[in-house]
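Numbering (my numbering), first residue to last: 51 to 671.
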C-alpha cells in the first residue's frame, strides 16, 4: 500500500522522479508513462527504484525513469505526460487511491513538462492545527483547483515551490502527537525515546504535553510552543507522512478523545478557598482538544485529497526554513552552538535533518545525491545513533541547489551557513560570503536568460516596519524573529550582485515565505535588473493580530517616520499586505518576463484572489 505520495519531484523532459512511501516492499514495481490517460500510447515502461527501509512496515522509495521527450521525434510536441505506478500488478495498489490522485475527469495522474516554464505556484508554513480551518482552510489545497481548471492548457502550473516550514516540529498539538505515535507503531518505526539523552527529565516523556522540560533554551530550543516538540526520527518521519498525505486513515487510525488522552496529559492544581481538595485540571483542556480535533480533522481531509492530488500532478521542489527542525533554529551564534553541541540538541537536530533529507531534499535533485543517499541508507541500516560522528556530514553540507532550466532557479539555504556578528554586534548574514560568491559563480555559467527565480525562505525585502522593530527593539525578539536579510545589508547587496551574474538577466523574482503575511515589492538594482519580491505566507497559519495587527504596525511605522519604502498594490485594493491564508502564483510572458503575480487567499468571507500587474504596476506612495 502507498502510505504517502506519490509526489512528483525533480522532473523535466529527460527524466521523471516520483517519491512515495510504502508499508511493505513489493515483489514488483513498475512506472509506466503514456501520452493519454487511457494507456493507449505508452512512452516508457522501465524505471529504477531505490528503497530505504525506515521501519518494519515503512519503505521510502524514489522511482526514476528516463524520458525521450526531446530526443525522439514523435514526442517533440508533447508537454503533458500521464503516469501509473504498478505495484505487484495492480495500478497504484489501490483503485480508490488512483481516483484520489486524478484531477478533473482524468483517469491517470499527469505531469506538465514544457521546455520553458511560464506558470508557478509557491507556498509555505503549514501548521496542521492552525485555528479556523472551517472558514479558512489550508490553501495548499487551493492549488488542486487551480490545476483542475487548467488541464490541457498552457496556463497549467508546471512547478510548485515549497519555500519552508513544510512541517512544524516544535508547535505540535498533543492530540496530533498521540496520533503520530499510533501511526509510528503501525508502520513499525522504532520508538527511540528511551535513548533520548535527557537524564532525569526522561520520565516526563510519558506525558504528551510536558516536553518543554526536555527542550530547554540552554539546549538550543528557543520556541515558545514546545510542550509537545517532536524528538525522535520516527516522530519527525510520521509528521511528514501526515503533512503530505494525511497518512493513517487508511489503517483506521483516528484522533483520540480527551478522556482517552487524560492518562498522558500533564496536570495542574486548581486553587480553591474552601479548603477542599481541588479538582484535577489538565494543562491541555477539553476546549483546546475540541478545537484541535476540529482543525486537525479538516487539515487531514485536505491533505489526503486535494493536497495529495496537487503533489502527485505537479513537479515540486522544497527547501527548509526553521520549523522543520525547531523554531528559530540558528537564529544566533549561541543558539547554533547549543543546538549542535548539547546532547539533546544534537540528537533532535540530527533526527530532523535525517528526515528532511529523506522526505524533502532527496527529491530536489536525486541524481546528484546518490552517494549521500547510500551513506544515509547504510547508517540507518546499522542503526547508527544520532550522537555518532558519522552524522556530522548532515551538519556541514550546504542544502541549497540550482535548476538549470528556462527560467533558471536558485534555491537558497539561509539556515546552515549563516555568519553571526561579522559586520557588527547585531548583524546576521543569512548566508556566508563564500556561499553567496559561489552562487554567483555557478549562475555565471548558466545559459543566457532574461529572468531568474530565487527561492529565499526569508524575504530579501520584507515589510520594512516589522523589520525596523525586529532590528531596533530587542523586546520584540520573541514575537518578531530578528533575522531579516536587512540585518546585514552587505550580505543582501552581495546576494543581488550574485544573482545578476546570470547572463542576460533582466528580472530577478524572489519567492519567499516565513513571515506569516503576504505582499509584493519591486526594487531596481544598481546592477540593472529589476528585483521582484513575491512573498506568500502562510498557506496554513496566521500571525498574531492578523490583518488588524499588520495595519496597526504599519501605522506605528508611519508615526515613527519609517514610511519611505514602497510596495506593490494588488488590483482593486488599497492595502498592500494580507495575513489571510494564501498561496502565490507567478506568470511569465512568451519572452520569459514576469507579467502577473497572484495570491489565492481564504479569509473570513471565503476564497478570493489578489492580482498584481507586474507590467503596469501600482505602488504605495
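Built from N, CA and C at the ideal position, the CB exists for glycine as well.
Here the structure is a predicted model, which is why all the values come from computation and not from measurement.
Cutoff 6 Å; reference residue i; Cβ partners in own chain excluding five residues on either side
i, result
"residue 528", "With a pLDDT of 49 at residue 528, under the threshold of 50, the predicted position of this residue should be treated as unreliable, though the coordinate-derived value follows. Cβ within range, chain order: n/a, list empty."
"residue 194", "356, 359 and 360"
"residue 676", "Within the shown structure, residues of the chain are numbered from 51 to 671, placing residue 676 beyond reach of any answer."
"residue 377", "220 and 273"
"residue 80", "136"
"residue 241", "none"
"residue 381", "533"
"residue 294", "54"
Reduced DSSP category for residue i - H, G, I as helix; E, B as strand; rest coil
i, result
"residue 410", "coil"
"residue 528", "For residue 528, the predicted structure reports a pLDDT of 49, less than 50, and the residue's modelled location is therefore unreliable. A value from the coordinates is still provided. Of the three classes helix, strand and coil, the one that applies to residue 528 here is coil, per DSSP."
"residue 329", "coil"
"residue 43", "Absent from the structure is residue 43, since the part of the chain shown begins at 51 and ends at 671."
"residue 269", "helix"
"residue 561", "strand"
"residue 67", "strand"
"residue 660", "strand"
"residue 249", "helix"
"residue 238", "coil"
"residue 305", "coil"
"residue 628", "strand"
"residue 313", "helix"
"residue 570", "strand"
"residue 605", "helix"
"residue 348", "helix"
"residue 296", "coil"
"residue 357", "helix"
"residue 56", "strand"
"residue 318", "strand"
"residue 618", "strand"
"residue 336", "helix"
"residue 160", "strand"
"residue 187", "coil"
"residue 386", "helix"
"residue 647", "strand"
"residue 451", "strand"
"residue 533", "coil"
"residue 259", "coil"
Sequence-distant residues of its chain with Cβ nearer than 7 Å to residue i (five each side left out)
i, result
"residue 297", "53, 54, 233 and 291"
"residue 366", "57, 58, 59, 210 and 212"
"residue 517", "534 and 536"
"residue 547", "490 and 577"
"residue 445", "390"
"residue 652", "186, 187, 189, 630 and 631"
Other residues of its chain near residue i: CB distance less than 8 Å, five sequence neighbours each side excluded
i, result
"residue 494", "551, 552 and 553"
"residue 691", "There is no way to answer for residue 691, as the model of the chain reaches only from 51 to 671."
"residue 238", "105, 106, 107 and 108"
"residue 65", "114, 115, 116, 117 and 417"
"residue 541", "469, 479, 480, 481, 483, 486 and 535"
"residue 556", "500, 501, 578, 579, 580 and 643"
Beta bridge counterpart(s) of residue i as assigned by DSSP
i, result
"residue 230", "Residue 230 pairs with nothing; no bridge assigned."
"residue 375", "According to DSSP, residue 375 bridges with nothing at all."
"residue 172", "211 and 634"
"residue 652", "631 and 657"
"residue 582", "559 and 572"
"residue 590", "176"
"residue 669", "618"
"residue 62", "65"
Fully enclosed by the segment 69-154, which alpha helix (DSSP H) runs are 4 residues long or longer? Segments of the alpha helix (DSSP H) lying fully in the segment 69-154: 145-151.
Touching by the beta-carbon criterion (3+ pairs, under 8 Å), the segment 167-176 and the segment 144-151: Contact annotation: the segment 167-176 does not touch the segment 144-151, with fewer than three C-beta pairs closer than 8 Å.
Touch test, the segment 214-231 against the segment 301-316, Cβ-Cβ under 8 Å, three pairs minimum: With a cut-off of 8 Å, the segment 301-316 and the segment 214-231 count as touching, because enough Cβ pairs lie within range.
With three or more C-beta pairs closer than 8 Å as the rule, is the segment 488-502 touching the segment 454-469? At 8 Å Cβ cutoff, the stretches touch.
Should the segment 344-355 be called in touch with the segment 183-197, which here means at least 3 C-beta pairs below 8 Å? Here the segment 344-355 makes contact with the segment 183-197; the two share three or more CB pairs at distances below 8 Å.
Please specify which runs of the beta strand (DSSP E), each continuous and at least 3 residues long, are wholly inside the segment 453-528, giving them in chain order. List check, beta strand (DSSP E) in window: 459-461 and 501-505.
Does the segment 581-589 come close enough to the segment 555-565 that 3 or more CB-CB pairs lie under 8 Å? Yes: the two stretches touch, three or more of their Cβ pairs being nearer than 8 Å.
Would you mind listing the alpha helix (DSSP H) stretches within the segment 393-449 that are 4+ residues and don't spill past its ends, in chain order? 393-409, 420-431 and 442-446, all fully within the segment 393-449.
Cβ contact (3+ pairs, closer than 8 Å) linking the segment 245-254 and the segment 191-210: Under the 8 Å Cβ criterion, the segment 245-254 does not count as touching the segment 191-210, having fewer than three qualifying pairs.
Does the segment 472-486 come within contact of the segment 66-86, defined as at least 3 CB pairs closer than 8 Å? Taking one beta carbon from each stretch, the segment 472-486 and the segment 66-86 have fewer than 3 pairs nearer than 8 Å; the two do not touch.
For the segment 443-458 against the segment 393-407, are there 3 or more C-beta pairs whose distance is under 8 Å? Output reads yes: the segment 393-407 touches the segment 443-458.
At least three beta-carbon pairs within less than 8 Å, the segment 415-430 to the segment 504-513: No, because fewer than three Cβ pairs between the segment 415-430 and the segment 504-513 fall closer than 8 Å, the two stretches do not touch.
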